[in-house]
Every structure is written in C-alpha cells, then in structure tokens.
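Colleague:
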Amino acid sequence: MRAGGEHARVAVRTQSLWRIRLARELPRYAVLAAAAFGLLATVRFTIAPPRPIEVTASSSTAAVDPAAQAYAALFARRYLTWDAREPLRDERELTPFVGSQLAPAAGFVPPAEGAQAVAWVEVVQSREREAGSHVYTVAAQTSSGLVYLTVGVTRTAAGALALTGYPALVGAPASSAAIAPPRLRTVEDPALQTVVHRGLSNYLAGAETDLAADLAPGAAVSPPSIALQLSSIVNETWAPGGGSVLATVQASDGRGARYELTYEIDVALSHGRWELSAIQTEPDD
6 MRAGGEHARV AVRTQSLWRI RLARELPRYA VLAAAAFGLL ATVRFTIAPP
56 RPIEVTASSS TAAVDPAAQA YAALFARRYL TWDAREPLRD ERELTPFVGS
106 QLAPAAGFVP PAEGAQAVAW VEVVQSRERE AGSHVYTVAA QTSSGLVYLT
156 VGVTRTAAGA LALTGYPALV GAPASSAAIA PPRLRTVEDP ALQTVVHRGL
206 SNYLAGAETD LAADLAPGAA VSPPSIALQL SSIVNETWAP GGGSVLATVQ
256 ASDGRGARYE LTYEIDVALS HGRWELSAIQ TEPDD
C-alpha cells in the first residue's frame, strides 16, 4: 500500500502461446538451420566441386595476321627502294599505300643523286596497338646497310589493310652475344655413342638407306639438302629431361667449307638396342 491510502496496481497482458514458444526456440532453430546449410554445401561441393575460372587471352591479342605482316614488308621494300633519276616512278610505287591521306611517297624525298636497292625484308617484331591494329618492325638489308623501319597497319571496317600513318626509322631489337650452354651430363654409353655417330654420319651425307637401319619404327627424318661429311663429334651430352642427346659436330661440304653444328637426337632403348626416333626436326609436323 502506498502512502495516502492508494493501492498498488498490477497490469496483466495476454500473449499467444506460439509467440512464447517461438521466442524460446528461435536460437535452437537458427543453429539447426546453419548446420543443415553447411551439410548441404558439403554435399554439393562433393558431387560437383567448383572449377577454377579459366582466363584465356582474346583472339585479337594472340592472333597473327600474315597478310598484315606481308603488307608491312611490301611497303617497307618499296619505301626504302629509290633512284634519284626516277623519283616519279618511286612515288607511283607507293601511291596504293598512301592514297590521299598521307604526303606523296609517304613523305620521302630522295637525294639529288644516287640510288638504294633492297636485297630482303623481314618482319622481326610486332606490337599490337589496339585490337586489329599492329606496329611491325621490319628489318631491311639495303645497299646502304641494314635498316629497321616500323610500319603501322590496321584493318578497316570492311577488312581491308591500311597504313595507320607514316613509318619510323628505328634501331634494332635488343640482342646480345651467345650465352654459354648449360652444364649437362655427358653420354658415357659406348653403344649409344656408336649409334649416334653412325646415324649422324649417314644423316649428314644423305645416306637414307643406311640411316634407316638405326631409326626407330615410324621415325621420320629429313637430311640437309647440302651433303656434309662428318669429321668428328666434339661434344655429346644428355639434353635436359633426358630422352634426347645433344651432339656438337664438325663437318665439311664438297666445297671445303667447314661447319660446327649441334643436333638434338631423340633416342630410345628397344630390346637392348639404341634407336634414333628424330634428328633435330619433326618433318611431319
């Protein structure tokens, strides 16, 4: 009883029985649901495990366009070939390439006298500027010396080849002197040494009938077009990974020229006998 004679009041609220049970059982249901989800996930990954996503390079970045390379090489040959006595002829040779978008003869003006011939050209480097557009580095052996020229080539919406601008005279791609070969195991089996020596001797001489006696069944070889005489084998080692022999030899041709050459020879031991299954190249590939 409160001061002043007032009585305390008690409030009574009603609540559904299912709400009381839900509030009490909810934590247990949550734990059971998590366990069930984990079990289902384990079963799913066991039956069909996730596979890694394979990321492959787009065809545009890896594609080689032989026609575009040939186009760049042809332009380089015509651009670097000139004769001061016939400048208009040289300009006409380049007209199909430059059209009206570039200066006549792609901006080249020959000197007052002299001429330059091109013995050969070859694409030695390629850089993709954007999809379908490449910059080719072309090596050209001219009568004035070895020259490197970059040529930008793209394909139009119609698929035609076109220059993307003027060429540029540049330096050679980075290179260095030969590096020392790795240290490898020496071939010490006398029987294998004999087969390699005999096989290489017949291979270099083009004696295919005699060579066939040392070849494995189904082996295909293609002897050099110039017949050579084997003088000696300088070094004979196992190639990395085994299964192949690296043989450095000294040989000469009918004119008296001498060569030092290295051949990779696939070998296999069959019924106690060494056989040759390939020599340097796979002519069937």
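Under the numbering used here, the first residue of the sequence shown is numbered 6, with each subsequent residue one higher.
Ideal Cβ positions, reconstructed from N, Cα and C, are used throughout, including at glycine.
If you compare alpha carbons, which of 268, 222, 227 is closest to residue 329?
Modeller: In the structure as shown, the chain begins at 6 and stops at 290. Residue 329 is therefore absent and cannot be evaluated.
Colleague: Any idea which residues DSSP pairs residue 141 with across the strands?
Modeller: DSSP, once it has assigned bridges, lists 131, 156 as partnering residue 141.
Colleague: So residue 85 and residue 154 are supposed to be a Cβ contact under 8 Å. How far apart are they, rounded?
Modeller: Indeed, because the Cβ distance is near 7 Å, the residues count as touching under 8 Å.
Colleague: Closest to residue 278 by CA distance: which of 186, 198, 254 is it?
Modeller: Taking only the C-alpha atoms, the option nearest residue 278 is 198.
Colleague: Could you work out which residue in 263, 139, 174 is closest to residue 161 when comparing CA atoms only?
Modeller: The option with the nearest alpha carbon to residue 161 is 139.
Colleague: In this structure, does DSSP put residue 204 in helix, strand or coil?
Modeller: Residue 204: helix per DSSP, three-state reduction.
Colleague: Would you give the residue range spanned by the beta strand (DSSP E) that residue 265 belongs to?
Modeller: Where residue 265 is concerned, the enclosing beta strand (DSSP E) stretches over 263–275.
Colleague: Nearest to residue 259 by CA position, among 236, 185, 250, is which residue?
Modeller: The option with the nearest alpha carbon to residue 259 is 236.
Colleague: Please find out if some non-hydrogen atom of the ligand SAH comes closer than 7 Å to the beta-carbon of residue 269.
Modeller: In terms of ligand content, the structure shown is empty, and the ligand SAH therefore cannot be addressed.
Colleague: What is the residue span of the alpha helix (DSSP H) that residue 98 lies within?
Modeller: Run containing residue 98: 92–103, per the alpha helix (DSSP H) assignment.
Colleague: Within a Cβ cutoff of 8 Å, which residues of the same chain sit near residue 289, ignoring the five residues on either side of it in sequence?
Modeller: These residues qualify, in order along the chain: 225.
Colleague: My assumption, with CB atoms under 8 Å, is that residue 165 sits in contact with residue 126. Please give the rounded CB distance.
Modeller: No, residue 165 and residue 126 are not in contact; Cβ-Cβ is about 22 Å, not under 8 Å.
Colleague: Using a Cβ-Cβ cut-off of 8 Å (strictly less than) and excluding sequence neighbours within five positions of residue 116, which residues of its own chain qualify?
Modeller: Excluding residues within five positions, the ones whose Cβ falls inside 8 Å are 89.
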